[in-house]
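A.B. asks: The listed protein sequences derive, respectively, from chains U and G. Just so you know, we're using the working numbering here: the first sequence kicks off at 1 and counts up by one. Just so you know, we're using the working numbering here: the second sequence kicks off at 1001 and counts up by one. Have a look at this one before I ask anything.
Protein chains: 2
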Amino acid sequence: MFGTMLYGKGDVRCEAVPEPEILKPTDAIIKLSASCICGSDLWPYRGLNDVTAPMAMGHEYCGIVTQVGSAVRTVRPGQFVVGSFCLSDNTCPHCRFGFQSSCEQREFMSGAQAPYARVPLADGTLVATDTVPDDDLLPSLLATSDVLGTGWYAADAARVQPGSTVVVVGDGAVGLMGVLAARQMEAGRIIAMSRHKSRQDLALEFGATDIVSARGAEGIAEVKRLTGNVGADSVLECVGTGESMAQAIACARPGAMIGYVGVPHGVELNGEQLFFSQTGMLGGPAPVRRFLPHLMDLVLSRKINPGKVFDLTLPLEDVAEGYRAMDERRAIKTLLRV
Amino acid sequence: MFGTMLYGKGDVRCEAVPEPEILKPTDAIIKLSASCICGSDLWPYRGLNDVTAPMAMGHEYCGIVTQVGSAVRTVRPGQFVVGSFCLSDNTCPHCRFGFQSSCEQREFMSGAQAPYARVPLADGTLVATDTVPDDDLLPSLLATSDVLGTGWYAADAARVQPGSTVVVVGDGAVGLMGVLAARQMEAGRIIAMSRHKSRQDLALEFGATDIVSARGAEGIAEVKRLTGNVGADSVLECVGTGESMAQAIACARPGAMIGYVGVPHGVELNGEQLFFSQTGMLGGPAPVRRFLPHLMDLVLSRKINPGKVFDLTLPLEDVAEGYRAMDERRAIKTLLRV
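Now the structure itself:
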């Protein structure tokens, strides 16, 4: 089959790769219904993470189970499944606390920008639907695997409550999903910080009540003005730079929580400053598995349409163009037909 | 009258000072029933904070109202009151969110190591009892003003739940009050990290289920062993150094909250490390006013006895010896008869 391999900075290829096989009794093989490119795939693509050997790319996935290992009990061939980008046993103490992304057996998914993929820890990772869903739901179901689950975790970690005031820092796919999540959690006001018209429009469609296009001190002042000089109850930090984190902290009222899901790159936090601002913080790789059944239900019942975040669809053989389009911000997120 | 003034490092004096007067219509004057020395008073006493002019010391207080300004509505002369070390209007948005220590009008109390004190923002700050309480309750009522309220906030910020596993870092008066708070919040297991026999004994009396006397890597390993290699659900950081914060983070399970109330001195936090450890954090000056009515009820109904944290009682004229005893760790906390 053909799959996606990253060789180094800017060098991603669709090429012949071995078909995946069951390696452990807890594995499953799935035939992907669709795949996609993640914002985090751009880090190694941009040369910001070391690539020492060709990497099998892709960690967002949904599809039909074709084979299961001898120990797999909860899914069977023929079922449609979605799984998290974090593979987990869903039974260890961390999983039981709802932090499956810190599972004692945690692995990260790879190789899902391809027609078939191996899913380790299948019982703890995959969630099956009762029937095979309609094709038009596939983009939204695929989104639950990572980008929606991550935006949802940001809102959960930021403790969004009905009626609360939320600021979303970052208008990438995860930030937009954070807007959707805050809306589902019945936030009263959702302020999306975005400078790009197409992303502003999508934020409004997903439930943003206000758009702030300014950044830095000016953006903070605008958020303060919108909140009666109080600041937000919850801030979703969906970027991961020092600037975005500083902006998130400055937009938070005392006692607010920041849910941060952008992997921090070189972010140092001053303890004394956080102390006196009384800013609460919780972040990390999203424990998508905790939310997955609920998110899949919301999609299957057509209450949410997170698949709208895909604004470019390409066949797998054009995966390199998909990376380029996201890298150049011509696309928010690329869906791959596999 | 005589009051307590700090002139510089190690130089604290009981000397003649003017009696306090109503300066604003929102002020009250109280005759203190008792006063005490706070661990935070030791920072300037040790020369770690600049002292550019003589400072009127003391911010923990309870006593009888003797005068009120013309705008004061909720307390009247003759009433027994307790107030927070943070003075607040209790009406601004931050106060209504329960973060009175970030009140838009916030001031910090001073001059309470004396027989009389002025309390600004009396309506928002003071809580009166129905009747004048018995003398034996005074130490515990005094404790609610700061040290208990601060330990309580640490437990609240760390989201201690019934049945949860709690680690308390720091065996000073605040840490010991954190143990008491966690016990009242029905924590299932309370691990106090303490190296001093007298403090260990008090921690056990206040509800600690386990004592860990080792620090650093060895202490962390012991906490991990006690928690089945999982870590604690909630960690109370009651010191404020880089070492104590690192210890708190290492003792927390993924998804745990750290409530930190030791003012961070030179603490830098690595964003990427906090992200991957999924450590939640909330700290700051305690919004004691939020908890004060409940804490006073617990004392008045004799359900808790936080006053036991005072292990040295001195007359006001010996205040310098009180500072020395705490500085040299001969005393946990000094009560002053005023």
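We treat Cβ as the ideally placed atom computed from N, Cα and C, and that holds for glycine. Every value quoted in this text rests on a predicted model; they were computed, and no experiment measured them.
Just reading off the beta strand (DSSP E) that U/P254 is part of, what are its end residues?
C.D. replies: Unbroken beta strand (DSSP E) run through U/P254: A252 to Y260.
A.B. asks: Contact defined as beta carbons within less than 8 Å: I believe G/E1060 pairs with G/A1112. What is the distance between those atoms, to the nearest angstrom?
C.D. replies: Sure, about 6 Å apart at Cβ, within 8 Å.
A.B. asks: From U/A122 to U/L138, what distance separates their C-alpha atoms?
C.D. replies: Using only the alpha carbons, I get a separation of about 20 Å.
A.B. asks: For the alpha helix (DSSP H) that U/G58 lies in, which residues bound it at each end?
C.D. replies: It is not in any alpha helix (DSSP H) - U/G58 carries neither H nor E in the DSSP assignment.
A.B. asks: Mind pulling the alpha helix (DSSP H) runs of 4 or more residues that sit fully within the region 1178-1253 of chain G?
C.D. replies: With a minimum length of 4 residues, the continuous alpha helix (DSSP H) runs that stay inside the region 1178-1253 of chain G are 1197-1206, 1216-1226 and 1242-1251.
A.B. asks: Could you check the C-alpha separation between G/P1287 and U/A232 for me, to the nearest Å?
C.D. replies: So the two alpha carbons sit approximately 19 Å from each other.
A.B. asks: Grouping DSSP H, G and I as helix and E and B as strand, with all else coil, what is U/C103?
C.D. replies: Here U/C103 sits in coil by DSSP.
A.B. asks: At 9 Å on the CB atoms, spell out the chain U contacts of G/Y1045, in chain order.
C.D. replies: Per Cβ cutoff of 9 Å: no residues; G/Y1045 is ~20 Å from chain U at best.
A.B. asks: If I follow the unbroken alpha helix (DSSP H) through G/V1147, where does it start and stop?
C.D. replies: Taken as a continuous stretch (DSSP letters only), the alpha helix (DSSP H) holding G/V1147 covers V1147 to A1157.
A.B. asks: Terminal residues of the continuous beta strand (DSSP E) containing G/P1315?
C.D. replies: Taken as a continuous stretch (DSSP letters only), the beta strand (DSSP E) holding G/P1315 covers L1312 to P1315.
A.B. asks: G/N1270 touches chain U at which residues, Cβ-Cβ below 7 Å?
C.D. replies: Correct list: E268.
A.B. asks: For the beta strand (DSSP E) containing U/V51, list its first residue and its last residue.
C.D. replies: Element bounds for U/V51: n/a, residue is neither H nor E.
A.B. asks: Does the Cβ-Cβ distance between U/G8 and U/V72 come in under 8 Å?
C.D. replies: No, the Cβ-Cβ distance between U/G8 and U/V72 is not below 8 Å.
A.B. asks: Output the boundary residues of the beta strand (DSSP E) element that contains G/E1380.
C.D. replies: Since the displayed chain G opens at 1001 and closes at 1338, residue 1380 of chain G lies outside it and no answer follows.
A.B. asks: Pull up the distance between the alpha-carbon of G/F1275 and that of G/L1180, whole angstroms please.
C.D. replies: Their Cα atoms are separated by approximately 30 Å.
A.B. asks: According to DSSP, which residues form a beta bridge with G/K991?
C.D. replies: Chain G is shown from 1001 up to 1338; residue 991 of chain G falls before or after that span and cannot be answered.
A.B. asks: Which two residues bound the contiguous beta strand (DSSP E) that contains G/F983?
C.D. replies: Because chain G is modelled from 1001 through 1338, residue 983 of chain G falls outside the range shown and cannot be assessed.
A.B. asks: Does G/A1320 come out as helix, strand or coil in the three-state DSSP assignment?
C.D. replies: Note: G/A1320 maps to helix in three-state DSSP.
A.B. asks: Any idea what DSSP makes of U/V166, helix, strand or coil?
C.D. replies: Strand, per DSSP.
A.B. asks: Helix, strand or coil for G/F1276 per DSSP?
C.D. replies: Note: G/F1276 maps to helix in three-state DSSP.
A.B. asks: Please confirm whether G/T1063 and G/V1075 have their CB atoms less than 8 Å apart.
C.D. replies: The residue you asked about is not Thr; residue 1063 of chain G is Gly in the sequence shown. Contact: no.
A.B. asks: If you run the structure through DSSP and keep just helix, strand and coil, what is G/R1076?
C.D. replies: If DSSP states are grouped into helix, strand and coil, G/R1076 belongs with coil.
A.B. asks: For U/L336, name the three-state secondary structure that DSSP assigns.
C.D. replies: Reduced to three states, the DSSP call for U/L336 is strand.
A.B. asks: How about the region 299-307 of chain U and the region 322-332 of chain U: do they share at least three Cβ pairs that are nearer than 8 Å?
C.D. replies: Too few Cβ pairs lie closer than 8 Å, so no.
A.B. asks: What does a CB cutoff of less than 7 Å around U/S213 pick up in its chain, not counting 5 residues either side in sequence?
C.D. replies: Excluding positions up to five away in sequence, the list reads S194 and R195.
A.B. asks: By the DSSP assignment, the alpha helix (DSSP H) with U/D297 in it spans what residues?
C.D. replies: Counting along the chain, the alpha helix (DSSP H) containing U/D297 begins and ends at V288 to L300.
A.B. asks: With distances taken from CA atoms, which of G/G1098, G/G1322 and G/K1197 is nearest G/P1293?
C.D. replies: Cα-wise, what sits closest to G/P1293 is G/G1098.
A.B. asks: My output table needs one value for U/L126: the three-state DSSP class, helix, strand or coil.
C.D. replies: In this structure, U/L126 counts as strand in the three-state DSSP scheme.
A.B. asks: Please report the straight-line C-alpha distance between G/Q1100 and G/G1284, rounded to a whole angstrom.
C.D. replies: Taking the straight line from one Cα to the other gives about 11 Å.
A.B. asks: Distance, Cα to Cα, U/E237 vs G/G1083?
C.D. replies: Roughly 37 Å separates the two Cα atoms.
A.B. asks: Pull up the distance between the alpha-carbon of G/R1356 and that of G/M1177, whole angstroms please.
C.D. replies: The displayed coordinates of chain G run from 1001 to 1338. Any statement about residue 1356 of chain G would go beyond what the structure contains.
A.B. asks: Provide the residue(s) that pair with U/A16 in DSSP beta bridges, ordered along the chain.
C.D. replies: U/A16 is bridged to U/F2.
A.B. asks: Quick one, are the C-beta atoms of U/A28 and U/Q67 less than 8 Å apart?
C.D. replies: The answer is yes: Cβ separation under 8 Å.
A.B. asks: When you compare only the Cα positions, how much space is there between U/T279 and U/M257?
C.D. replies: If I take the Cα positions, the gap works out to 6 Å.
A.B. asks: Does any CB atom of chain G fall closer than 8 Å to the CB of U/F291?
C.D. replies: No, no contact with chain G.
A.B. asks: Hey, would you say G/M1296 sits closer than 8 Å to G/T1165, going by beta carbons?
C.D. replies: No, these two residues do not count as a Cβ contact at 8 Å.
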